[in-house]
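S.K.: For the sequence shown, the numbering used here assigns the number 3 to the initial residue and increments by one for each residue that follows. Don't be surprised by glycine CBs; every beta carbon is placed ideally from N, CA and C. These numbers come from a predicted model, not from an experiment.
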Amino acid sequence: MGRVPHVEVQRVRVPKASDVFAAELRGRILDGDLEPGVALPNERALAEAAGLSRTVVREALRILEIEGLVVTRPGRGGGTVVDRPDPQSLTRSVDIFIRGRGVRFRELLEAREQIEPACAELAARHRTDDDLRALDAATEAVRAVAAEVPAFLTANAAWHVTVARISHNELLASFMRALSDAVRAATDIADFNSDEVRAGALRAHDRVARAIRDGDGGAARAAMAHHVGAYREQVLKYPVPEELGLEHEREERQ
Numbered sequence: 003m004g005r006v007p008h009v010e011v012q013r014v015r016v017p018k019a020s021d022v023f024a025a026e027l028r029g030r031i032l033d034g035d036l037e038p039g040v041a042l043p044n045e046r047a048l049a050e051a052a053g054l055s056r057t058v059v060r061e062a063l064r065i066l067e068i069e070g071l072v073v074t075r076p077g078r079g080g081g082t083v084v085d086r087p088d089p090q091s092l093t094r095s096v097d098i099f100i101r102g103r104g105v106r107f108r109e110l111l112e113a114r115e116q117i118e119p120a121c122a123e124l125a126a127r128h129r130t131d132d133d134l135r136a137l138d139a140a141t142e143a144v145r146a147v148a149a150e151v152p153a154f155l156t157a158n159a160a161w162h163v164t165v166a167r168i169s170h171n172e173l174l175a176s177f178m179r180a181l182s183d184a185v186r187a188a189t190d191i192a193d194f195n196s197d198e199v200r201a202g203a204l205r206a207h208d209r210v211a212r213a214i215r216d217g218d219g220g221a222a223r224a225a226m227a228h229h230v231g232a233y234r235e236q237v238l239k240y241p242v243p244e245e246l247g248l249e250h251e252r253e254e255r256q
């Protein structure tokens, strides 16, 4: 009898049944077969139709609910209904990626420098009267708390999100919500957030807001590019985290 050759075999990973079923329903929702507002059969009916346990079906529906593709309405007459993802869905995904992946702080700033000037330019093109009022309110909110660093950081992040929102581009606005939160958390540094730095931010906000109000996209882009570029040069002089991950988040809470 001949010698049996040694064969290396890699471990085969079989996907969870709940992931497979969630993918099936997700595909039908995204393809338009199941439109927003359509009520899905109850857990028992879905389980019988798919040949799965109710536990597996429940897990699959929970996955889709987290993704914003379905919503579960409790109580009598409730059930699971196909839904349309809200803008926060993408923000949550980007935030999880940034923190869970341990994205480098430098990469975060680079992404911000590419996205924010575009947001400002689009805001200048598409802003409405309501948008301008919201921008004025956000600008004044930052000014009102300029003497208090924690409140300033929160209001400052909200100002940047406001500019992104009035770009009327949901993708850019969703990205900016996640980026602004991550930048705020990473730069809560007392020495960096000096009176001079905060005053400079207020002046930069005024320049950006003025260009948006004037409908000058080029000026708005340039003003925002100068603002975030100067910010990067200043903040990198201080001990910021190299990576934004779960370890940094734990340190924040301690």
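Verify whether the separation of the beta carbon atoms of Leu2 and Ala148 is less than 8 Å.
M.R.: The first residue shown for the chain is 3 and the last is 256, placing residue 2 beyond what the model contains.
S.K.: How many whole angstroms separate the CB atoms of Asp183 and Ala159, which I take to be in contact at a CB cut-off of 8 Å?
M.R.: Counted from its first residue, the sequence shown places residue 183 at position 181. Counted from its first residue, the sequence shown places residue 159 at position 157. Right, the Cβ-Cβ distance comes to about 7 Å (below 8 Å), so this counts as a contact.
S.K.: Name the two residues that bound the continuous beta strand (DSSP E) containing Arg75.
M.R.: As a working mapping, residue 75 is identified with position 73 in the sequence shown. 72 to 75 is the span of the beta strand (DSSP E), which, as asked, contains Arg75.
S.K.: Which partner residues of Leu84 appear in the DSSP bridge assignment?
M.R.: To locate residue 84, count along the sequence shown from 1; it is residue 82. Residue identity check: residue 84 is Val in the sequence provided, not Leu. DSSP output for Val84 lists Val72 as bridge partner(s).
S.K.: Under 8 Å: do the region 14 to 27 and the region 57 to 68 share three or more Cβ pairs, one atom per stretch?
M.R.: As far as the Cβ criterion goes, the region 14 to 27 touches the region 57 to 68, which means the pair count is three or higher.
S.K.: What's the call for Glu10, buried or exposed, on a 16-neighbour Cβ count within 10 Å?
M.R.: Stepping through the sequence shown from its first residue, residue 10 is reached at position 8. With fewer than 16 other Cβ atoms within 10 Å, it is exposed.
S.K.: Below 6 Å CB to CB, which residues in the same chain sit around Ile168 once its five sequence neighbours on both sides are set aside?
M.R.: Here the question's residue 168 lines up with position 166 in the sequence shown. If we look at Ile168 and ignore the five residues flanking it on each side, its Cβ neighbours are Ala125, Arg129, Asp133.
S.K.: Express the C-alpha separation of Arg234 and His250 in angstroms, rounding to a whole number.
M.R.: Along the sequence shown, one-based indexing puts residue 250 at 248. Along the sequence shown, one-based indexing puts residue 234 at 232. Low local confidence applies: a pLDDT of 44 at His250 is under 50, so the model's placement there is unreliable, and no value is given.
S.K.: Tyr233 lies in the alpha helix (DSSP H); which residues open and close that run?
M.R.: On the sequence shown, position 231 is the one that residue 233 refers to. Note, Tyr233: alpha helix (DSSP H), 219 to 237.
S.K.: Measure the Cβ-Cβ separation of Val83 and Ala25 and say whether it is below 8 Å.
M.R.: Translated into the one-based positions of the sequence shown, residue 83 becomes position 81. Translated into the one-based positions of the sequence shown, residue 25 becomes position 23. Going by C-beta atoms, Val83 is not nearer than 8 Å to Ala25.
S.K.: Since Arg209 and Ala227 are thought to touch, with beta carbons under 8 Å apart, how far apart are those beta carbons, to the nearest angstrom?
M.R.: Here residue 209 corresponds to residue number 207 of the sequence shown, with the count starting at 1. Here residue 227 corresponds to residue number 225 of the sequence shown, with the count starting at 1. At roughly 11 Å, the Cβ-Cβ gap does not stay under 8 Å, so Arg209 and Ala227 are not in contact.
S.K.: Just mark Glu37 as buried or exposed, buried being the case when its beta carbon has 16 or more other beta carbons within 10 Å.
M.R.: For this step, residue 37 is matched to residue 35 along the sequence shown. Glu37 is exposed by the Cβ-count criterion.
S.K.: Taking DSSP's pairing of strands, which residues face Ala122 in a bridge?
M.R.: As a working mapping, residue 122 is identified with position 120 in the sequence shown. In the DSSP output, where bridge partners are listed per residue, Ala122 has none listed.
S.K.: Output yes or no for whether 8 Å exceeds the beta carbon distance between Pro89 and Arg223.
M.R.: As a position in the sequence shown, residue 89 is number 87, starting the count at 1. As a position in the sequence shown, residue 223 is number 221, starting the count at 1. In this structure, Arg223 does not lie closer than 8 Å to Pro89 by Cβ.
S.K.: How would you label Val165, buried or exposed, when you count the other beta carbons within 10 angstroms and need 16 or more for buried?
M.R.: Translated into positions along the sequence shown, residue 165 becomes position 163. Burial call: buried.
S.K.: Buried or exposed: which applies to His8, given that a residue is buried once 16 or more other Cβ atoms fall within 10 Å of its Cβ?
M.R.: In the sequence shown, the residue the question calls residue 8 occupies position 6. So His8 counts as exposed.
S.K.: Rounded to the nearest angstrom, what separates Arg255 and Arg101 at their Cα positions?
M.R.: If you number the sequence shown from 1, residue 255 lands on position 253. If you number the sequence shown from 1, residue 101 lands on position 99. Any answer about Arg255 is weak, because its pLDDT of 38 lies below 50 and its placement is not dependable; what the coordinates show is given next. Roughly 15 Å separates the two Cα atoms.
S.K.: Measure the alpha-carbon distance for Leu32 versus Ala201 and round it to whole angstroms.
M.R.: Translated into positions along the sequence shown, residue 32 becomes position 30. Translated into positions along the sequence shown, residue 201 becomes position 199. The alpha-carbon atoms of Leu32 and Ala201 are separated by roughly 47 Å.
S.K.: Can you name the residues that DSSP bridges to Ala160?
M.R.: Here residue 160 refers to the residue found at position 158 of the sequence shown. The partner list for Ala160 (beta bridge, DSSP) is empty, contrary to what the question assumes.
S.K.: Here's a check: name, in chain order, each residue in its chain whose Cβ is nearer than 6 Å to the Cβ of Ala92, leaving out the five neighbours to either side.
M.R.: Here the question's residue 92 lines up with position 90 in the sequence shown. The identity of residue 92 in the sequence shown is Leu, whereas the question assumes Ala. Around Leu92: Ser176.
S.K.: Specify the secondary structure class of Ala24 as computed by DSSP and reduced to three states.
M.R.: Within the sequence shown, the letter at position 22 stands for residue 24. It is helical.
S.K.: Have a look at Val14 and Ala49 and give me their C-alpha separation to the nearest angstrom.
M.R.: Your numbering for residue 14 matches position 12 in the sequence shown. Your numbering for residue 49 matches position 47 in the sequence shown. The alpha-carbon atoms of Val14 and Ala49 are separated by roughly 26 Å.
S.K.: Can you say whether Ala140 is buried or exposed, counting buried as having 16 or more other CB atoms within 10 angstroms of its CB?
M.R.: Residue mapping note: residue 140 aligns to position 138 of the sequence shown, counting from 1. Under this definition Ala140 is a buried residue.
S.K.: Taking Cβ to Cβ, would you say Val185 is nearer than 8 Å to Arg114?
M.R.: By 1-based counting over the sequence shown, the position of residue 185 is 183. By 1-based counting over the sequence shown, the position of residue 114 is 112. Yes, the Cβ-Cβ distance between Val185 and Arg114 is below 8 Å.
S.K.: State the start and end residues of the unbroken alpha helix (DSSP H) segment that holds Glu150.
M.R.: Walking along the sequence shown from the start, residue 150 turns up at place 148. No alpha helix (DSSP H) holds Glu150; DSSP gives it neither H nor E.
S.K.: Work out the CA separation of Asp218 and Leu66 for me, nearest whole Å.
M.R.: Residue 66 sits at position 64 when you count from the first residue of the sequence shown. Residue 218 sits at position 216 when you count from the first residue of the sequence shown. Rounded to the nearest angstrom, the two C-alpha atoms are 42 Å apart.
S.K.: Given a threshold of 16 other Cβ atoms within 10 Å of its Cβ, counted over all protein chains shown, does Ile214 qualify as buried or as exposed?
M.R.: On the sequence shown, position 212 is the one that residue 214 refers to. Ile214 comes out buried.
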